[in-house]
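Asks: Numbering (this note's numbering), first residue to last: 848 to 1130. Cβ atoms here follow ideal geometry from the backbone N, Cα and C, with glycine treated the same way.
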Ligand SMILES: Cc1cc2nc3c(=O)[nH]c(=O)nc-3n(C[C@H](O)[C@H](O)[C@H](O)COP(=O)(O)OP(=O)(O)OC[C@H]3O[C@@H](n4cnc5c(N)ncnc54)[C@H](O)[C@@H]3O)c2cc1C
Ligand code: FES
């Protein structure tokens, strides 16, 4: 780990860690240094337990930042070993974290900001929405989840601006994917900037909607991560570039996790996939 990253290693203490649904938890940490240094869209690597079980830290987006109280919040879904251990951590226990990491959202442009969140991808958008409102911008929020109980922080978003919700099962809002209300909204209204986080198919749909209408859009990507600090190359993602191949790989942890939609390539061009085959193109 580089010295500048090592400085981001800090001990925090658990303020609260309680379930919001059967498998989604809300963790509040006392971490004044992290709260002061972070911006929306950044993430931290959490060592869920001391020792080597598991050895690797796990990445989580910053859901909420409060510089006054020095608290940082995340919302996480229990998926495997690491998050199951994290769910058992109790108030006053210490937790080692590395952060803030990554670039975060850029909120300089635009008066009206659209935020599009799918599933756990809703989590990092609250800090961004709070920052945008604090900066005097209007926010319009589009949330999608598998069912109503997974529409995270809906009430908090409703305090900040207009909110459209959809679910996969129709339990709350229309039974639809979250790009549907976004497209409907854009038939009659304008957005100056879009911020999105969620599953890859959702991000692809948002990128295509934004690119077709020339709306600047920032996508927060999730890749499996090893180190979180740009060293292992385990999290690379192709982005358009002025090279002979037309793209380069960037590290989601170090160069992202936020990328412009017009740069994002969700798969490498097929011409590159043919490399290694014979000159007639067969492989
Ligand atoms: C920048 C970033 C921000 C993230 N923010 C959040 C967040 O705010 N809330 C949240 O719940 N999760 C978030 N994640 C995903 C989270 O890091 C993983 O769910 C977690 O590391 C799983 O650890 P585990 O040990 O429980 O699961 P593992 O045992 O490591 O894996 C269990 C299952 O989860 C899948 N998985 C693991 N990591 C990822 C990943 N990055 N993306 C998709 N699937 C994965 C595995 O393929 C496997 O099927 C984020 C990931 C990144 C890269
Ligand atoms: S996780 Fe190691 S380079 Fe990104």
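Of the residues 961, 967 and 885, which one's Cα is nearest the Cα of residue 976?
Replies: As a first step, residue 976 must be located in the chain shown, where it is residue number 129. The shortest Cα separation from residue 976 among 961, 967 and 885 belongs to 961.
Asks: Enumerate in chain order the residues of its own chain whose CB-to-CB distance from residue 1051 is below 8 Å, with the five nearest sequence positions on each side excluded.
Replies: Translated into the one-based positions of the chain shown, residue 1051 becomes position 204. Counting only Cβ-Cβ distances below 8 Å, and skipping sequence neighbours, we find 1113.
Asks: Can you list, in chain order, every residue whose CB sits closer than 5 Å to a heavy atom of ligand 1?
Replies: Any residue whose Cβ sits closer than 5 Å to a heavy atom of ligand 1 makes the list: 890, 905, 906, 907, 908, 923, 924, 926, 927, 928, 929, 930, 967, 970, 1069, 1071, 1072 and 1104.
Asks: Taking residue 990 as the reference, which of 1007, 980 and 1014 has the closest Cα?
Replies: Sequence index remark: in the chain shown, residue 990 carries index 143 (1-based). Selected option, being the one with the closest Cα: 1014.
Asks: Just to confirm before moving on: does the CB-CB distance between residue 1023 and residue 1064 stay below 8 Å?
Replies: In the chain shown, residue 1023 corresponds to position 176, counting from 1. In the chain shown, residue 1064 corresponds to position 217, counting from 1. No, they are not a contact pair.
Asks: What separation, rounded to the nearest whole angstrom, lies between the Cα atoms of residue 1045 and residue 997?
Replies: By one-based count along the chain shown, residue 1045 stands at place 198. By one-based count along the chain shown, residue 997 stands at place 150. Taking the straight line from one Cα to the other gives about 13 Å.
Asks: Three or more C-beta pairs closer than 8 Å, one from the region 921 to 932 and one from the region 855 to 874: is that the case here?
Replies: Yes, the region 921 to 932 is in contact with the region 855 to 874.
Asks: Assign residue 993 to one of two classes, buried (16 or more other C-beta atoms within 10 Å of its C-beta) or exposed (fewer than that).
Replies: Along the chain shown, read from residue 1 onward, the residue named residue 993 stands at position 146. Under this definition residue 993 is an exposed residue.
Asks: Between the region 886 to 895 and the region 946 to 957, do three or more beta carbon pairs fall short of 8 Å?
Replies: Yes: the two stretches touch, three or more of their Cβ pairs being nearer than 8 Å.
Asks: Quick check: does the Cβ of residue 1086 come within less than 7 Å of any heavy atom belonging to ligand 2?
Replies: The residue you call residue 1086 lines up with position 239 of the chain shown. For ligand 2, not one heavy atom lies less than 7 Å from the Cβ of residue 1086.
Asks: Skipping 5 residues on each side, what residues in its chain have a beta carbon closer than 6 Å to that of residue 959?
Replies: The residue you call residue 959 lines up with position 112 of the chain shown. 985, 1038 and 1039, listed in sequence order.
Asks: Report yes or no: do three or more beta-carbon pairs, one from the region 1064 to 1076 and one from the region 1094 to 1109, lie closer than 8 Å?
Replies: Yes: the two stretches touch, three or more of their Cβ pairs being nearer than 8 Å.
Asks: Helix, strand or coil for residue 1015 per DSSP?
Replies: Translated into the one-based positions of the chain shown, residue 1015 becomes position 168. Coil, per DSSP.
Asks: At a threshold of 7 Å, does residue 873 count as lining ligand 2 (C-beta to nearest heavy atom)?
Replies: Along the chain shown, one-based indexing puts residue 873 at 26. No.
Asks: Please indicate yes or no: does the CB of residue 948 lie closer than 7 Å to some heavy atom of ligand 2?
Replies: For the purposes of this step, residue 948 is taken as the residue at position 101 of the chain shown. No, ligand 2 has no heavy atom inside 7 Å of this Cβ.
Asks: Is residue 951 near ligand 2, with its Cβ less than 7 Å from a heavy atom?
Replies: Indexing the chain shown from 1 puts residue 951 at position 104. Every heavy atom of ligand 2 is 7 Å or more from the Cβ of residue 951, so no.
Asks: Determine the direct distance from the alpha carbon of residue 963 to that of residue 1010, and round the result to whole angstroms.
Replies: Sequence index remark: in the chain shown, residue 1010 carries index 163 (1-based). Sequence index remark: in the chain shown, residue 963 carries index 116 (1-based). Straight-line Cα distance between these residues: approximately 10 Å.
Asks: Hey, would you say residue 936 sits closer than 8 Å to residue 1075, going by beta carbons?
Replies: Counting from 1 along the chain shown, the entry for residue 936 is found at position 89. Counting from 1 along the chain shown, the entry for residue 1075 is found at position 228. Cβ distance not < 8 Å, so residue 936 and residue 1075 don't count as in contact.
Asks: Can you check the region 1051 to 1121 for any beta strand (DSSP E) of at least 3 residues that lies completely inside it and give the ranges in chain order?
Replies: Listed in chain order, they are 1064 to 1067, 1083 to 1087, 1094 to 1098 and 1105 to 1107.
Asks: What three-state label does DSSP hand residue 1169 in the structure shown?
Replies: Outside the shown range of the chain (848 to 1130) lies residue 1169, about which nothing can therefore be said.
Asks: Relative to ligand 2, is the shortest distance from any of its heavy atoms to the C-beta of residue 1080 smaller than 7 Å?
Replies: In the chain shown, residue 1080 corresponds to position 233, counting from 1. Yes; taking the cut-off as 7 Å, the Cβ of residue 1080 has a heavy atom of ligand 2 nearer than that.
Asks: Just the Cα atoms here: how many angstroms apart are residue 965 and residue 897?
Replies: Locating residue 965 in the chain shown gives position 118, where the first residue counts as 1. Locating residue 897 in the chain shown gives position 50, where the first residue counts as 1. One C-alpha to the other measures close to 32 Å.
Asks: Can you tell which of 933, 945 and 900 has its C-alpha closest to the C-alpha of residue 850?
Replies: Translated into the one-based positions of the chain shown, residue 850 becomes position 3. The residue with the shortest Cα to Cα distance from residue 850 is 945.
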